[in-house]
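All remarks here apply to the structure that follows.
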Amino acid sequence: MTVSVEKQIAADLLDINAVTLSPNKPFLWASGIKAPIYTDNRRTIAFPEVRTHIADGLTALISEQFPTATVIAGVATAGIPHAALAADRLNLPMSYVRAKPKDHGTGKQIEGQITADDNVVLIDDLISTGGSVLGAAKAVQAVGATVLGIVAIFSYELPDHVKNFADAGLSLHTLTNYSTLIEVANEKYDINATELASLKQWREDPWHWNK
1 MTVSVEKQIA ADLLDINAVT LSPNKPFLWA SGIKAPIYTD NRRTIAFPEV RTHIADGLTA
61 LISEQFPTAT VIAGVATAGI PHAALAADRL NLPMSYVRAK PKDHGTGKQI EGQITADDNV
121 VLIDDLISTG GSVLGAAKAV QAVGATVLGI VAIFSYELPD HVKNFADAGL SLHTLTNYST
181 LIEVANEKYD INATELASLK QWREDPWHWN K
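One point on numbering: in the UniProt record's numbering, the residue at position 55 of the sequence shown is 55, and numbering is uninterrupted.
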């Protein structure tokens, strides 16, 4: 049976421990949110097969959703390697965007080259509220370029990100997401009904979960 891209990437992330699920001993994020999940997608670059699955998935997604793209831009730092691989497969220029301009030299925030004539697709590894990638989008728009949209490996599907992307007028497409990951985890591991309910409840109301 053919496995969907969404399930394949979710399984990859679980297999290499890029994602850790812990509904009974939640993690505390820097934002103050308590979460039953911790994600470190930077691990993906250390695993060639997983890295290839991601690069192939991003390439197909960009070709399908944003065929007029002229530049692929990675969001520093975790989006950079995946942007480089996708840009190479698409034979397109690649740039990257820092969180803020350098405090020395020419003070650049964008490295590579993006002009006002470009149609840019931004790549990030992970979407929580969307703040970092939307900040990068503003930097690209500030030079006059068009941001066609954002693609990422994984999204937590939090209500905050839905609102933030809608407010910015930008579309988001991901290779996999929290709902799919929980489904795959439930198939692969021994997650009891209480833990599964807790994992699902968190996504609906992360700020008040486990209080």
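Cβ coordinates follow ideal geometry from the N, Cα and C atoms, glycine included.
The C-alpha of Tyr38 lies about 38 angstroms from the C-alpha of Ala116.
Non-local C-beta neighbours of Asn164 in its own chain, meaning closer than 8 angstroms and more than five positions away in sequence, comprise Thr129, Gly130, Gly131, Leu134, ordered along the chain. Counting along the chain, Val71 sits inside the beta strand (DSSP E) bounded by residues 71-75.
Counting along the chain, Asp160 sits inside the alpha helix (DSSP H) bounded by residues 159-168.
Residue state for Ala30 is assigned as coil, using DSSP reduced to three classes. Excluding residues up to 5 positions away in sequence, Pro159 lie with their Cβ nearer than 8 angstroms to the Cβ of Glu204 in the same chain. Judged by pairs of C-beta atoms under 8 angstroms, the stretch 191-210 touches the stretch 26-44, as three or more such pairs exist.
Inter-residue distance for Ile62 and Asn192 is about 37 angstroms (C-alpha atoms, whole angstroms).
A distance below 7 angstroms between beta-carbons, with the five flanking residues on each side excluded, links His53 to the following residues of its chain, in chain order: Gln8, Ile9, Asp12. Taking His173 as the centre and dropping the five residues before and after it, the same chain places the C-beta of Leu61, Gln65, Val151 closer than 6 angstroms to its C-beta, in chain order. Rounded to whole angstroms, the gap between the alpha carbons of Thr77 and Val184 is 28 angstroms. CA-to-CA, the gap between His82 and Ile110 works out to about 17 angstroms.
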